[in-house]
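Peer 1: Same order as they appear, the protein sequences are chains A and B. Just so you know, we're using this note's numbering here: the first sequence kicks off at 309 and counts up by one. Just so you know, we're using this note's numbering here: the second sequence kicks off at 472 and counts up by one. C-beta: ideal position from N, C-alpha, C; glycine also. This structure is in structure tokens; I'll ask about it shortly.
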Amino acid sequence: MLVNFPNETLPAFFSRRRNNHQTLPFPLSEGYLDEQFHQLEELQDDVSPNFVEEVVVLFFRDSSRLISNIEQALEKHPQDFHGLRACVQQLKGSSSSIGALKVKNECDLFREYCDEENKEGCLRSFQKVKKEHAILRQKLEAYFQLLRQVGQMERATPSYN
Amino acid sequence: MAIVADSQYHVLAVDDSLMDRKLIERLLKTSSYQVTTVDSVSKALEFLGLLDGQQHEIDVNLIITDYCMPGMTGYDLLKKIKESSSLKDIPVVIMSSENVPSRINRCLEEGADEFFLKPVRLSDMKKLRPHILKGKSKEQQQQEEQQQQQQQQQPLLNTCSNGTLLNTCSNGNKRKATDEGLSPERRRPRFSTSHSLL
Numbered sequence: 309m310l311v312n313f314p315n316e317t318l319p320a321f322f323s324r325r326r327n328n329h330q331t332l333p334f335p336l337s338e339g340y341l342d343e344q345f346h347q348l349e350e351l352q353d354d355v356s357p358n359f360v361e362e363v364v365v366l367f368f369r370d371s372s373r374l375i376s377n378i379e380q381a382l383e384k385h386p387q388d389f390h391g392l393r394a395c396v397q398q399l400k401g402s403s404s405s406i407g408a409l410k411v412k413n414e415c416d417l418f419r420e421y422c423d424e425e426n427k428e429g430c431l432r433s434f435q436k437v438k439k440e441h442a443i444l445r446q447k448l449e450a451y452f453q454l455l456r457q458v459g460q461m462e463r464a465t466p467s468y469n
Numbered sequence: 472m473a474i475v476a477d478s479q480y481h482v483l484a485v486d487d488s489l490m491d492r493k494l495i496e497r498l499l500k501t502s503s504y505q506v507t508t509v510d511s512v513s514k515a516l517e518f519l520g521l522l523d524g525q526q527h528e529i530d531v532n533l534i535i536t537d538y539c540m541p542g543m544t545g546y547d548l549l550k551k552i553k554e555s556s557s558l559k560d561i562p563v564v565i566m567s568s569e570n571v572p573s574r575i576n577r578c579l580e581e582g583a584d585e586f587f588l589k590p591v592r593l594s595d596m597k598k599l600r601p602h603i604l605k606g607k608s609k610e611q612q613q614q615e616e617q618q619q620q621q622q623q624q625q626p627l628l629n630t631c632s633n634g635t636l637l638n639t640c641s642n643g644n645k646r647k648a649t650d651e652g653l654s655p656e657r658r659r660p661r662f663s664t665s666h667s668l669l
């Protein structure tokens, strides 16, 4: 199910589905998610109808833990850049698994600052990572909520199927 | 050779990340493989029967493992599998979220059949089948060789396929059996031409 939210109206969405036009889901068109997210949607089917949401839930569980690990790692004196880099790499890995493009890109920058042992750069990057992570969480929560509403509407209005 | 559906093939997936395990399982199941997932190399070794030295009837056609894991890494698992006479022909695929050429080469040199850069995609699943089929034909070949040699064996005077006497063969065999902690019943003379028997 691919929804152009928030610009697309529901009737337009149904019309597009009837005509079988495939377009990018909103988070992809706004650059928050990349093609990998679309791959996840392709893996969802009747056997695994909530696959994408389940993976996303796991991602936020993992990434919240990793962010908290990074926070702790940044408080160490002297700074252990090697350990910090390992945490950032893990977060980058998880992000790329769901296609979280902006978070992943920011992790790449963060990793470079670790390699340069640039503490200021690390701190700045970390703020950005947290911000992008929070925005993505909001967007995806709204997205899944909308999908649920659309699902309910579809079941209530069979003429749209 | 009979053509078997992929649903008869069993893949063991090893990854410490629950999210990645879920993903790889879905990818494999969508591609019609039977899947077992474990979260560590030690659990994988346990599943494969490498920890207790007992003979196990494990039918695993391919192992796909993450490289970076706490404790033993995917590379360590690869080495253990290649060192095992019973498991060395099972194809091994390594996954990693980092594109490090030296790491990739190291794995390929150690005998990994394929290296996937994460995130793994559905199109990567197509690359698995050729390795599974190759592994199965090696296994079949080995079984045929063993059957042949068993038929050729005489009770008192045993000779190896190249004509040398049994005592020299069994020395080589004992070494291998001890390494793997194999039970006495499993010791069977192996007369492959790669052994130096003189």
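Rounded to whole angstroms, what is the Cα-Cα separation between B:T507 and A:V364?
Peer 2: Here residue 507 of chain B refers to the residue found at position 36 of the second sequence. Here residue 364 of chain A refers to the residue found at position 56 of the first sequence. Taken atom to atom, the span from the alpha-carbon of B:T507 to that of A:V364 is near 22 Å.
Peer 1: I believe A:C430 touches A:Y421 by the beta-carbon criterion, under 8 Å. Please report the beta-carbon distance rounded to the nearest angstrom.
Peer 2: The residue labelled residue 430 of chain A in the question sits at position 122 within the first sequence. The residue labelled residue 421 of chain A in the question sits at position 113 within the first sequence. Rounded, the Cβ-Cβ distance is 5 Å, consistent with contact.
Peer 1: Return the residues of the region 490 to 511 of chain B that lie within a Cβ-Cβ distance of less than 9 Å from chain A, sorted by chain order.
Peer 2: Residues of the region 490 to 511 of chain B that bring their beta carbon within less than 9 Å of a beta carbon in chain A comprise M490, D491, K493, L494, R497, L498, K500 and T501, in sequence order.
Peer 1: Of the choices A:D370, A:Q387 and A:S372, whose alpha-carbon is the least far from that of A:E424?
Peer 2: Here residue 424 of chain A refers to the residue found at position 116 of the first sequence. Minimum Cα distance to A:E424 is reached at A:Q387.
Peer 1: Please list, in chain order, the residues of the region 542 to 567 of chain B that have any C-beta partner in chain A closer than 8 Å.
Peer 2: Within the region 542 to 567 of chain B, no residue places its CB atom closer than 8 Å to a CB of chain A.
Peer 1: Kindly indicate which three-state DSSP category B:M566 falls into: helix, strand or coil?
Peer 2: Locating residue 566 of chain B in the second sequence gives position 95, where the first residue counts as 1. Here B:M566 sits in strand by DSSP.
Peer 1: Give the straight-line distance between the Cα atoms of B:V563 and B:F518, rounded to the nearest whole angstrom.
Peer 2: One-based indexing of the second sequence puts residue 563 of chain B at position 92. One-based indexing of the second sequence puts residue 518 of chain B at position 47. One C-alpha to the other measures close to 15 Å.
Peer 1: Helix, strand or coil: which one does DSSP assign to A:H385?
Peer 2: Against the first sequence, residue 385 of chain A aligns to sequence position 77. Of the three classes helix, strand and coil, the one that applies to A:H385 here is coil, per DSSP.
Peer 1: Using beta-carbon positions only, say whether A:L341 and A:L374 come within less than 7 Å of one another.
Peer 2: As a first step, residue 341 of chain A must be located in the first sequence, where it is residue number 33. As a first step, residue 374 of chain A must be located in the first sequence, where it is residue number 66. No, the pair does not count as a contact, with Cβ atoms beyond the cut-off.
Peer 1: Could you please give the first and the last residue of the uninterrupted beta strand (DSSP E) stretch that includes B:A484?
Peer 2: For the purposes of this step, residue 484 of chain B is identified with residue 13 of the second sequence, where counting begins at 1. Element bounds for B:A484: H481 to V485.
Peer 1: Taking all protein chains shown into account, do 16 or more other C-beta atoms lie within 10 angstroms of the C-beta of A:T465, making it buried, or fewer, making it exposed?
Peer 2: Here residue 465 of chain A corresponds to residue number 157 of the first sequence, with the count starting at 1. By the neighbour-count rule (16 or more Cβ atoms within 10 Å), A:T465 is not buried but exposed.
Peer 1: Are the C-beta of B:R592 and some C-beta of chain A separated by less than 7 Å?
Peer 2: As a first step, residue 592 of chain B is located in the second sequence; it is residue number 121 there, counting from the start. Taking Cβ atoms only, chain A reaches closer than 7 Å to B:R592, which makes this a yes.
Peer 1: Indicate the three-state DSSP secondary structure (helix, strand or coil) for B:T536 in the structure shown.
Peer 2: For the purposes of this step, residue 536 of chain B is taken as residue 65 along the second sequence, with counting starting at 1. Secondary structure at B:T536: strand, using DSSP grouped into helix, strand and coil.
Peer 1: Looking at C-alpha atoms only, which residue of A:K427, A:V355 and A:E338 is the closest neighbour of A:I378?
Peer 2: Locating residue 378 of chain A in the first sequence gives position 70, where the first residue counts as 1. The residue with the shortest Cα to Cα distance from A:I378 is A:K427.
Peer 1: Check B:M544 in the structure and name its three-state DSSP category.
Peer 2: For the purposes of this step, residue 544 of chain B is taken as the residue at position 73 of the second sequence. As written in the sequence, residue 544 of chain B is Thr, which differs from the Met given in the question. Three-state result, B:T544: coil.
Peer 1: If B:V531 sits next to B:I561, beta carbons under 8 Å apart, how far is it from one beta carbon to the other, in whole angstroms?
Peer 2: Numbered from 1 along the second sequence, position 60 holds the residue referred to as residue 531 of chain B. Numbered from 1 along the second sequence, position 90 holds the residue referred to as residue 561 of chain B. Correct: roughly 6 Å between the Cβ atoms.
Peer 1: Once you ignore the five residues that flank A:I406 on each side, which residues in its own chain have a CB closer than 8 Å to its CB?
Peer 2: Here the question's residue 406 of chain A lines up with position 98 in the first sequence. Here the set comprises L341, Q344, F345, L348, V363, V364 and F367.
Peer 1: For the beta strand (DSSP E) containing B:S505, name the first residue and the last one.
Peer 2: Walking along the second sequence from the start, residue 505 of chain B turns up at place 34. Checking the sequence shown, residue 505 of chain B turns out to be Gln, not Ser. Note, B:Q505: beta strand (DSSP E), Q505 to V509.
Peer 1: Below 8 Å on the Cβ atoms is my guess for B:D491 versus B:D510; work out the distance and round it to an integer in Å.
Peer 2: Within the second sequence, residue 491 of chain B is the residue found at index 20, counting from 1. Within the second sequence, residue 510 of chain B is the residue found at index 39, counting from 1. A Cβ-Cβ separation of about 10 Å leaves B:D491 out of contact with B:D510 under the 8 Å criterion.
Peer 1: Does the separation of the CB atoms of B:R497 and A:L351 fall below 7 Å?
Peer 2: The residue you call residue 497 of chain B lines up with position 26 of the second sequence. The residue you call residue 351 of chain A lines up with position 43 of the first sequence. Yes, these two residues count as a Cβ contact at 7 Å.
Peer 1: Could you check whether B:L548 and B:A515 sit closer than 7 Å to each other, using their CB atoms as the reference points?
Peer 2: Counting from one through the second sequence, the residue named residue 515 of chain B turns up at place 44. Counting from one through the second sequence, the residue named residue 548 of chain B turns up at place 77. Between B:A515 and B:L548, the C-beta spacing is below 7 Å.
Peer 1: Helix, strand or coil for B:L558? Go by DSSP, reduced to three states.
Peer 2: Residue 558 of chain B sits at position 87 when you count from the first residue of the second sequence. In the three-state reduction of the DSSP assignment, B:L558 falls in the coil class.
Peer 1: Taking the C-alpha atoms as reference points, what is the distance between B:L637 and B:Q620?
Peer 2: The residue you call residue 637 of chain B lines up with position 166 of the second sequence. The residue you call residue 620 of chain B lines up with position 149 of the second sequence. Its pLDDT being 49, under 50, B:L637 is placed unreliably in this model, and the value from its coordinates should be taken loosely. So the two alpha carbons sit approximately 12 Å from each other.
Peer 1: In this structure, what does DSSP give as the bridge partners for B:E585?
Peer 2: Here residue 585 of chain B refers to the residue found at position 114 when the second sequence is read from its first residue. The partner list for B:E585 (beta bridge, DSSP) reads B:V564.
Peer 1: Consult DSSP for B:L522 and reduce its assignment to one of helix, strand or coil.
Peer 2: Counting from 1 along the second sequence, the entry for residue 522 of chain B is found at position 51. Residue state, collapsed to three classes: coil.
Peer 1: Does chain B have any CB closer than 7 Å to the CB of A:G339?
Peer 2: In the first sequence, the residue the question calls residue 339 of chain A occupies position 31. Taking 7 Å as the CB threshold, A:G339 stays off the interface with chain B.
Peer 1: If you measure from the beta carbon of A:L351 to each beta carbon in chain B, is any gap under 7 Å?
Peer 2: The sequence position of residue 351 of chain A within the first sequence is 43, counting from 1. Closer than 7 Å to some Cβ of chain B, the Cβ of A:L351 qualifies, so yes.
Peer 1: Roughly how many angstroms lie between the CA atoms of A:R463 and A:A450, to the nearest whole one?
Peer 2: Working through the first sequence from its first residue, we reach residue 463 of chain A at position 155. Working through the first sequence from its first residue, we reach residue 450 of chain A at position 142. As the crow flies, the alpha-carbon of A:R463 is around 20 Å from that of A:A450.
Peer 1: Under a CB-based cut-off of 7 Å, is A:Q457 close to chain B?
Peer 2: The residue given as residue 457 of chain A occupies position 149 in the first sequence. Answer no: the Cβ-Cβ gap between A:Q457 and chain B never drops below 7 Å.
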